[in-house]
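Those protein sequence lines, which keep their order, are chains V and H.
Residues in the first sequence are numbered consecutively from 1, following my numbering.
Residues in the second sequence are numbered consecutively from 1001, following my numbering.
Glycine included, every Cβ here is placed at the ideal spot set by N, Cα and C.
Shown next, in structure tokens, is the structure this report addresses.
Protein chains: 2
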Amino acid sequence: MVVAEAKTSSKPLIAAATGGTPSRRPVWFMRQAGRSLPEYRAIRADRGMLESCFDAALVCEITMQPVRRHDVDAAILFSDIVVPLKAAGVDLDIVAGTGPVVARPIRTADDVAALPRLDAAAVGSVSQAVGLILGELTDAQALIGFAGAPFTLASYLIEGGPSRTYENTKAMMYARPELWHQLMAQLADITVEFLRVQLDAGVHAVQLFDSWAGTLSVADYQTYVAPHSARVLAEIAEYKVPRIHFGVGTGELLAPMAHVGADVIGVDWRVPLDEAARRVGPGKAVQGNLDPTLLFAGPEVIESQVRRIVRDGEKAIDAGAVGHIFNLGHGVLPATDPDVLTRTVELVHRL
Amino acid sequence: MVVAEAKTSSKPLIAAATGGTPSRRPVWFMRQAGRSLPEYRAIRADRGMLESCFDAALVCEITMQPVRRHDVDAAILFSDIVVPLKAAGVDLDIVAGTGPVVARPIRTADDVAALPRLDAAAVGSVSQAVGLILGELTDAQALIGFAGAPFTLASYLIEGGPSRTYENTKAMMYARPELWHQLMAQLADITVEFLRVQLDAGVHAVQLFDSWAGTLSVADYQTYVAPHSARVLAEIAEYKVPRIHFGVGTGELLAPMAHVGADVIGVDWRVPLDEAARRVGPGKAVQGNLDPTLLFAGPEVIESQVRRIVRDGEKAIDAGAVGHIFNLGHGVLPATDPDVLTRTVELVHRL
């Protein structure tokens, strides 16, 4: 439960997330720090992704680039879903054009038993980065912590990399449910530890990404995933900061995902925000949901769609949501013109 | 509208699709002809995919392999979504491990204007294959014709191949709606011609695959896609055969997809069949929806899930569906054990 005084936060994102009255309509973009920005491409030109995620000064710089450029209302810690796994000692790399590649995918009970725990000291650079970022933000800007949820972490570890079918992941889930729950429990521990490091360092909110949960039916989500995501969110409740929860293609899962303990539910572009608010029920904020491909459609289409989403956000509030945080429905695509993002922020703030 | 006598068809699939009483519960599997079968891998070892799709004897053999092996209630014409585009003269290939690759992606008005029409003679081998297959089927077995819907065809042509984001496709859709509708109209013409060739040759049903429509919101589907899919299905209505319509991740789109003129709506595993029937409304059959990854979960889990889906199918009929055709929620995965498929068919028929 978020503290009452958060409602009157000077940070529009925190006010919107907690049922307060934000001083302006808060907006940020998933993957706002990244390849859409020339300054990001320049700074990453000779540095690997994982190396960058463990360099506090670099994490701070990359996190701040879009905040300086676009005047968004939140920074999100620059990281990757597999960072806590790497820090724990899992042999993996992030391969350009592919994504995470795990050297020895987890398939057996021995593999699960051998999964290391995360020691906070192994992500000391992340803690340090949070401190540096907080020193650069204004009082109106929020810093959002970042972590992957257990299911999405499990899918990378079991498949060995990105997947379209999640067949090995689901095979373990369906055929070996005890082993599955053991793995998910260990991953929940890692996620909790990774979020605590960020929360102890002072992040103002967290976003838990269950990016690939949308591959599951409601029944499977409830049986195999929800208990572990719920534990993650419960174990950080004591920090009393807004907990944002997001996945792609989760139209069927919006209510169960919100009910694992999220304060804000992220919505992709497939479900209008007001419909999302009805599915979730009252008392949560909604975040989203411009289709990132719309940013290629030219200023007139973008303006009309941004206006529609702002209206949908207001309808969501009428339907019981406590607030609306403007965002895309998924991450910024690398080919996006950064000036278009800047103008979109200006428009959201003007409306 | 399907003819009344179809209800009493000796083919269980046709009876289930048309509100009749099938002599047994019909079952087939999307991508039942394919890499899960050793006899398929053997016959394709030294032949390219596209080459195979234009060889009538080979199409017949590959189409019949799973029918002989599994005793499914339907054959589906072995083909690929891009076959009619290739036949029309589009320079493309199917690359193993990647999928369709289009030599010159369609991006401009000139590209759209240059898109060739499909001449029935260019798919004469497909017509011939249908005749050969019909000669091998029993009176109880149905042959389902195959085509991709305009949106999915457009996505391949515009992206140049498979995509996770469809950013170029949506950019044209949003930014150049007139050009988009012109392209979709031309693709609808190609799809209609390809289906007519199959229908003239005697297929008993057709399945229109809009595999990637699930990337769209309802509003965008209705504006940019539905009119063209509706025209395709309307233009083949005169054949009075069941028209099955399917896409992946289409929970939000089940009603609009059914209402473009489908007699049977294919459902993936994310939405239970009875819930799908409620979304669609009465008067259509439902097809689906075992998660294909469940086939890796061992006999006990498979049996319990097959039984659940049969129950969901019965509840769908209680909710207004005219019938249930058992299928997977997406295609058979290549690593699937074919014996598991055979036993699944036996179980469905026994229940």
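Query	Result
For V1059/H versus P1066/H, is the C-beta spacing smaller than 8 Å?	no
Can you tell me which of P1150/H, L1351/H, A1219/H puts its alpha carbon nearest to the alpha carbon of L1183/H?	P1150/H
Leaving out five residues on either side along the sequence, give the residues of the same chain with a beta carbon under 7 Å from the beta carbon of V1347/H.	Looking at the sequence shown, residue 1347/H is not Val but Leu. If we look at L1347/H and ignore the five residues flanking it on each side, its Cβ neighbours are E1303, V1306.
Taking only three categories from DSSP, how would you classify G1281/H?	coil
If you measure beta-carbon to beta-carbon, which residues of the region 1292-1307 of chain H are closer than 7 Å to chain V?	T1293, L1294, F1296, A1297, G1298, V1301
Show which residues of chain H have a CB atom less than 9 Å away from the CB atom of P271/V.	Position check: residue 271/V holds Val in this sequence, whereas Pro was assumed. Within chain H, the residues near V271/V are S1217, V1218, E1252.
Please determine, among G1202/H, A1213/H, A1121/H, the residue with the shortest C-alpha to C-alpha distance to Y1166/H.	A1213/H
Which stretch, first to last residue, makes up the beta strand (DSSP E) that contains L365/V?	Beyond the ends of chain V as shown, which are 1 and 351, falls residue 365/V; an answer cannot be given.
Classify Q1032/H as helix, strand or coil using the three-state DSSP reduction.	coil
Just to confirm my understanding: we take P282/V, look at its own chain, exclude 5 residues before and 5 after, and list those with CB closer than 6 Å. What are they?	G320
Decide if A57/V is buried, meaning its Cβ has at least 16 other Cβ atoms within 10 Å, or exposed.	exposed
Could you please give the first and the last residue of the uninterrupted alpha helix (DSSP H) stretch that includes D93/V?	First-last for D93/V: 92-95, but that is the beta strand (DSSP E), not the alpha helix (DSSP H).
Out of D139/V, I309/V, H70/V, point me to the one whose CA is closest to S353/V's CA.	Nothing can be reported for residue 353/V: it is not among the residues displayed for chain V, which extend from 1 to 351.
By the 7 Å beta-carbon criterion, what residues does the region 1169-1182 of chain H contribute toward chain V?	K1170, A1171, Y1174, A1175
What residues are listed by DSSP as bridge partners for G1288/H?	F1326/H
Decide if R270/V is buried, meaning its Cβ has at least 16 other Cβ atoms within 10 Å, or exposed.	buried
Which word fits D1046/H, buried or exposed, when buried means at least 16 other C-beta atoms lie within 10 angstroms of its C-beta?	exposed
State yes or no: is the C-beta of I993/H within less than 8 Å of the C-beta of L1254/H?	A query on residue 993/H cannot be resolved here, the shown segment of chain H reaching from 1001 to 1351 and no further.
Just to check my reading of the structure: G1160/H and V1090/H have Cβ atoms closer than 8 Å, yes? What is that Cβ distance to the nearest angstrom?	With a Cβ gap of about 11 Å, G1160/H and V1090/H do not count as contacting.
Can you list, in chain order, the residues of its chain with a C-beta nearer than 7 Å to that of R1044/H? Leave out the 5 residues immediately preceding and following it.	S1052
How far does the beta strand (DSSP E) with L1143/H in it reach, from first residue to last?	1142-1148
I'd like the span of the alpha helix (DSSP H) that includes F1194/H, first residue to last.	1177-1201
List the residues of chain H that T165/V touches, going by C-beta distances under 7 Å, in chain order.	T1293, L1333
What runs of the beta strand (DSSP E), each 3 residues or longer, lie entirely inside the region 222-249 of chain V?	243-246
Could you please give the first and the last residue of the uninterrupted beta strand (DSSP E) stretch that includes P1100/H?	1099-1102
Along chain V, which residues have their Cβ under 7 Å away from the Cβ of G1249/H?	G249
Roughly how many angstroms lie between the CA atoms of R41/V and E1252/H, to the nearest whole one?	37 Å
Would the beta-carbon of D1263/H fall within 8 Å of that of A1016/H?	no
Classify D1119/H as buried or exposed, calling it buried when 16 or more other Cβ atoms lie within 10 Å of its own Cβ.	exposed
Helix or strand or just coil, what does DSSP make of F1209/H?	strand
Go ahead and label T344/V buried or exposed: buried means 16 or more other beta carbons lie within 10 angstroms of its beta carbon, across all protein chains shown.	buried
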